[in-house]
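Below you'll find the structure, written out as structure tokens, and then a few comments.
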């Protein structure tokens, strides 16, 4: 009996971990670290306590989003007959491995942790209002991305919302917590990253389009139609790379701009594949999503490492 209970508890824990999608948490560390590194590049003294509390708030917000998305997108995930490793949710709630109520409570608990970490930053670390405001906006956008009454992803605003939360607000929080106020330089470095993020979400939404349409989840792929969404994907990647000379002219360190150019061949390949209609091929969906995520993470990681190199 004891062995049976232990196996059951172990299986339940594994399913909760699947629901949490821990692999996606890596991005939160990279983008938050990027904002902190930009602050250090500007010769700000690192506050380790603030650094750790801010990371707790960011990671808890990410986990809240993972849990709440699976809960509020349950009907769309159940209707989705073409999920991939990167799209269609974790499948844990859709397959009945964890109850929807558990998913909702986990989301609420993680949201509470994010707010508690924010309160500690205010009450103990005495951070200014800018960073706290950015954190609260990020938490609110992350919750209402899929939760009613706003359900931003169903209004054609999901791609924009994710592009604001992950590559813009997360580095802005890391930077502002250390500096005490927002800055111009973080905005310069995150602009191309926001374009990569929006393009990545478009790619991930292609396999989900039929199920999303059936469930009333009107993403940009559903609203625009696949051919126009593929052209938007190409435009986003082109904008990211064509903006680099302007961003360097506005104050982005040239070495950072050069670092962001390193994955250009991958970006060009993704544009070529999408324009040629790879979005029509179910066998290509997983690879397109993987390399789109890789483009975003590689670009953000290179920006982080380059600022680190310039800081040393």
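In the working numbering, the protein residues as written are 6 to 317.
The C-beta atom is built at its ideal place from N, Cα and C for all residues, glycine as well.
Candidates the options: closest to residue i by CA position
i	options	result
residue 159	179, 269, 210, 183	210
residue 279	263, 297, 268	297
residue 197	249, 227, 282, 21	249
residue 175	163, 138, 226, 162	138
residue 19	219, 233, 289, 95	95
residue 329	254, 191, 185	The structure shown has nothing for residue 329, since the chain only spans 6 to 317.
residue 285	87, 100, 221, 103	87
residue 254	90, 299, 189, 51	189
residue 195	172, 208, 117	172
residue 5	275, 17, 304, 131	Residue coverage of the chain in this structure runs from 6 to 317, which leaves residue 5 outside it and unanswerable.
Residue i - DSSP class collapsed to helix/strand/coil
i	result
residue 286	coil
residue 246	helix
residue 76	helix
residue 314	helix
residue 92	coil
residue 275	helix
residue 297	helix
residue 9	Confidence at residue 9 is low in this model, with a pLDDT of 49, below 50, so the placement of that residue should be treated as unreliable; the coordinate-derived value is given next. Three-state DSSP puts residue 9 in a helix.
residue 48	coil
Cα-Cα separation between residue i and residue j, rounded to whole angstroms
i	j	result
residue 246	residue 178	25 Å
residue 119	residue 41	18 Å
residue 153	residue 146	12 Å
residue 151	residue 24	16 Å
residue 218	residue 26	24 Å
residue 263	residue 306	13 Å
residue 97	residue 77	13 Å
residue 142	residue 281	38 Å
residue 48	residue 55	16 Å
residue 315	residue 228	43 Å
Beta-carbon separation (whole angstroms), residue i vs residue j, contact threshold 8 Å
i	j	result
residue 62	residue 122	4 Å
residue 261	residue 308	6 Å
residue 231	residue 214	7 Å
inquiry  = Taking 8 Å as the cut-off, does the stretch 165-173 touch the stretch 197-204 (at least 3 CB pairs, one atom from each stretch)?
reply    = yes
inquiry  = Quick test of the definition: if touching needs 3 or more C-beta pairs under 8 Å, does the stretch 75-95 touch the stretch 122-131?
reply    = no
ask   = Is there contact here, the stretch 29-37 with the stretch 106-126, by at least three beta-carbon pairs under 8 Å?
value = no
ask   = Would you call the stretch 54-68 and the stretch 16-31 in contact, with 3 or more CB pairs under 8 Å?
value = yes
request  = Determine contact between the stretch 181-190 and the stretch 232-244, defined as no fewer than three beta-carbon pairs at a distance below 8 Å.
outcome  = No, the stretch 181-190 does not touch the stretch 232-244.
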